[in-house]
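One structure below.
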DNA sequence: TATGAATGAGAATTCATTCAT
DNA sequence: CATGAATGAATTCTCATTCAT
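The following block contains the structure:
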């Protein structure tokens, strides 16, 4: 979906507000005063607040997905890909902490089916990408075969997500990249094939 | 803290409401009509809505902590303990799905320091218990030593949390125990010492 | 009216609360927790909050009136009496700042006739006492006769009241006695008969 | 500050409500039903109830201050000025009895610093104006010099304030102008220089 | 496109008071 | 005497949304 200039502006303001005060800070009033336009004007560009979040999630999904696609283009080993997946995901959140809040607030969207499904979709995407990569690694002998790729993907995603979660709870003040690196070290030891 | 009959009733209603409609459904009005008393009457038993959540978290913390303590009493191997930790935690949520919502909504309490800290405390508790158990296992030779107990604990917690998260997102309709069992199998393979 | 022990206790607490937080701080809840008894118990001793204020005003009236009576007993000049009236009134408030708040909040009682009338009565009392004293002074030649005793009383009362008012607005932190002394000096110059 | 039409309307309604039922009658609900708009609509024009009172006090301050300024322009004697000050002030309240209530309820605003300070400011303004006028009169020989201008100003203000107070307590039903005239006569006798 | 004005529904909390025990 | 429990009416304020211009 192509966004108009005003729409982008609104989405940017949305991101900023969430970053500064969490989902609760995202009100039409705050949004309009952030942008400098009337509250009613927001409704010229989006039909509802839910739609704004919808587009925001689309945006996030787009970023994440294209990140996955990029990794697939690369000619590198499976473990390297896993590394890129993790560091890439963390990079995305590092650059846009509000996305961390959005993705972690999943429970909030329960009542709004669209949003709920979009969140699930983003997670499914990550999962299937991890699974594909791990499958490759298992075939090539890089990654252990005694645990299914689903399970390994699950373990990895859980730890990445927990990292993001702790980072968000800490108020975004530890070095996400460093944490990601040491996480990957652990994961790589855990999942790679035993050499003996 | 000992709760009065009415207070328990309110806490139970709180749990029910959160279970049915998420944190958003927890309003004083809903609470009072759930119990069948006036809104103002709620305030005879709790000084504020925040206090209700506070007590709820205390309750959750109590349940979780006593679960940990029980495990420590048992004369079983470290791996068995890890298994009990995981299954026990999942059991708690299985019996009280709303607790899953509460613990996953951590971001929401950012503005209310007390709640925020209580959530963090509960997680820290789990973490340090896992670490202690893993340390033992590493000493006894059950658990691999090439990864620190902190890191292993982190991996486990991440996957447990993700399990709960997916269960919540799914509307609580998959078998949490089964999922827990297969998760533990994976984890046990990952963390136990290589036998060769 | 004779007060029971509990009633006195409640009146004392009332005075304390008003002193600490103004009339707004006088709630049945605050009152009961100040005394350490249940809210409902208050109603064993007073039929309503208005009645409490009623009794408080009676108490104040009693203190003020007996102060006036004392002055009348003394064998001193009219000017001396005026001085005692002023310093005595200020003393009463100095010892019980809450009384200042009560007497200055007169407007609040508009809707509650009893209270309203009681306040007016207290003021009338002071007025007629001043008038009597001034009348004496005018007869004896101490006090000027070109202005009616009513008018002189009015002037005096206005300045005394403004003193109390400013003292209250300042948070009770200037020396009321000193201010009273210098006020009396001014008044005595103004009202005494010209000696030429 | 320039007020919008709606804002003026709200301020007028505020004045009316206070006039009819005292400060206690000033609730958002009363305000909105007085004007015929929804409660929430009030908040489109003022950010809070306190802000409404704030603006009201600004308005009062403006009226009072411009009244003082006018007096200063006039080429009349000091005593004439004092007379105009008194009658002018009483006129303002006579035309807007609610202002009397507002200014006499000073104690109520203790908790709301802004309002509290605004009230004090208005009184300080009056005081310093009186002092300036009296100083002039003392220089020109119109007004007695044996009492400081501060003290004389204080006496005058006290009696003016008491006049307003009694008028308010009486339910605004005596002739304020007449009372002001006779008050001035008394004051003029008291403060003017002795001719002998 | 944009705005100003308005709104209904709801949220948390306070308060004086009542009543059965 | 005293209390615990409860209540109805208010109160301030927030929020997403609509509509005429």
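Protein chains in written order, with the numbering used here: chain Z, 1 to 196; chain H, 1 to 196; chain L, 1 to 196; chain S, 1 to 196.
C-beta atoms are modelled at their ideal positions from N, C-alpha and C, and glycine is treated no differently.
Stretch pair the stretch 32–48 of chain L + the stretch 126–133 of chain S: three plus CB contacts closer than 8 angstroms: Touching, no.
Contact list for residue 129 of chain Z against chain H, beta-carbon separation under 8 angstroms: Per Cβ cutoff of 8 angstroms: no residues; residue 129 of chain Z is ~16 angstroms from chain H at best.
Residue 112 of chain L, enclosing alpha helix (DSSP H) - first and last residue: That residue, residue 112 of chain L, is in no alpha helix (DSSP H); it is neither H nor E in DSSP.
is_contact[residue 175 of chain S, chain L] using C-beta, thresh 9 angstroms: No, no contact with chain L.
Residue 89 of chain H, buried or exposed, once every other Cβ within 10 Å from all chains shown has been counted against 16: Within 10 angstroms of the beta-carbon of residue 89 of chain H lie 16 or more other beta-carbons, which makes it buried.
Selection from L/92, L/58 and L/191 that minimises the alpha carbon distance to residue 134 of chain L: Per the Cα distances, L/191.
Cβ of residue 160 of chain L within 9 angstroms of any chain S Cβ: Closer than 9 angstroms to the CB of residue 160 of chain L there is at least one CB belonging to chain S.
8 angstroms contact criterion, which residue 101 of chain H and residue 22 of chain H should meet: CB distance rounded: Contact holds; Cβ gap of about 6 angstroms.
Within chain H, partners of residue 110 of chain Z - CB distance below 7 angstroms: Neighbours of residue 110 of chain Z on chain H, chain order: 22.
Cutoff 9 angstroms: residue 99 of chain S Cβ touching any chain L Cβ: Taking a beta-carbon distance threshold of 9 angstroms, residue 99 of chain S does not count as an interface residue toward chain L.
Neighbourhood of residue 6 of chain Z by C-beta, 7 angstroms cutoff - its chain only, sequence neighbours within 5 removed: 45, listed in sequence order.
For residue 142 of chain Z and residue 96 of chain Z, the rounded distance between their alpha carbons: Here the alpha carbons of residue 142 of chain Z and residue 96 of chain Z stand approximately 33 angstroms from one another.
At least 3 beta-carbon pairs within less than 8 angstroms: the stretch 66–86 of chain L vs the stretch 23–30 of chain L: Result no; under three Cβ-Cβ pairs closer than 8 angstroms.
Exposed unless 16 or more other CB atoms sit within 10 angstroms - verdict on residue 175 of chain H: Result: exposed.
Cutoff 9 angstroms: residue 85 of chain L Cβ touching any chain S Cβ: No, residue 85 of chain L lies away from the interface with chain S (no Cβ there is under 9 angstroms from its Cβ).
CB-CB length for residue 187 of chain H against residue 156 of chain H, believed under 8 angstroms: Rounded to whole angstroms, the Cβ separation of residue 187 of chain H and residue 156 of chain H is 6 angstroms, and the two are in contact under 8 angstroms.
Members of the stretch 127–152 of chain S near chain L, C-beta cut-off 7 angstroms: The stretch 127–152 of chain S vs chain L, Cβ under 7 angstroms: 146, 147 and 151.
Of the listed residues Z/173, Z/82 and Z/50, nearest to residue 112 of chain Z (C-alpha basis): The candidate whose alpha carbon is nearest that of residue 112 of chain Z is Z/50.
Extent of the continuous alpha helix (DSSP H) run through residue 198 of chain Z: The requested residue 198 of chain Z is not part of the displayed model; chain Z covers only 1 to 196.
Cutoff 9 angstroms: residue 180 of chain Z Cβ touching any chain H Cβ: Cβ-Cβ to chain H under 9 angstroms: no for residue 180 of chain Z.
DSSP state of residue 147 of chain S mapped onto helix, strand, coil: Collapsing the DSSP output to three states places residue 147 of chain S in coil.
Alpha carbon of residue 173 of chain L to alpha carbon of residue 123 of chain S, nearest angstrom: Going from the Cα of residue 173 of chain L to the Cα of residue 123 of chain S covers about 18 angstroms.
Partner residues on chain H for residue 42 of chain Z, Cβ-Cβ distance less than 7 angstroms: None at all; the shortest Cβ gap to chain H is about 22 angstroms.
Residues from the stretch 60–73 of chain H in contact with chain Z, defined by Cβ distance under 9 angstroms: If the cut-off is 9 angstroms between Cβ atoms, the stretch 60–73 of chain H has nothing near chain Z.
CB contact check: residue 169 of chain H to chain Z, cutoff 9 angstroms: So, interface residue.
First through last residue of the alpha helix (DSSP H) which encompasses residue 36 of chain L: Element bounds for residue 36 of chain L: n/a, residue is neither H nor E.
Beta carbon of residue 184 of chain Z nearer than 9 angstroms to that of residue 83 of chain Z: Note that the C-beta distance between residue 184 of chain Z and residue 83 of chain Z is below 9 angstroms.
Ordered list of alpha helix (DSSP H) runs contained in the stretch 50–130 of chain H, each at least 4 residues: If we require 4 residues or more, the alpha helix (DSSP H) runs fully inside the stretch 50–130 of chain H come out as 78–95 and 97–104.
Same chain only: Cβ atoms within 6 angstroms of residue 136 of chain H, ignoring 5 sequence neighbours per side: Answer for residue 136 of chain H: 78, listed in chain order.
Chain-order list of residues whose beta-carbon lies under 7 angstroms from that of residue 108 of chain H (same chain, five-residue window excluded): Taken in chain order, the residues that qualify are 23.
Beta-carbon spacing of residue 104 of chain L, residue 164 of chain L below 9 angstroms: Note that the C-beta distance between residue 104 of chain L and residue 164 of chain L is below 9 angstroms.
Residues that DSSP places opposite residue 192 of chain L in a beta bridge: Note: residue 192 of chain L is bridge-paired with L/143 in the DSSP secondary-structure output.
Residue 30 of chain L versus residue 98 of chain L: straight-line alpha-carbon distance, rounded: So the two alpha carbons sit approximately 16 angstroms from each other.
Length of the line joining the Cα atoms of residue 55 of chain L and residue 16 of chain L: Going by the C-alpha atoms only, they are around 15 angstroms apart.
Close beta carbons around residue 224 of chain Z, own chain, < 6 angstroms, minus the five adjacent residues each side: As shown, chain Z starts at 1 and ends at 196. That puts residue 224 of chain Z outside it, with no answer to give.
Proximity winner among H/18, H/148 and H/86, relative to residue 178 of chain H (alpha-carbon distances): It is H/86 whose Cα lies nearest to the Cα of residue 178 of chain H.
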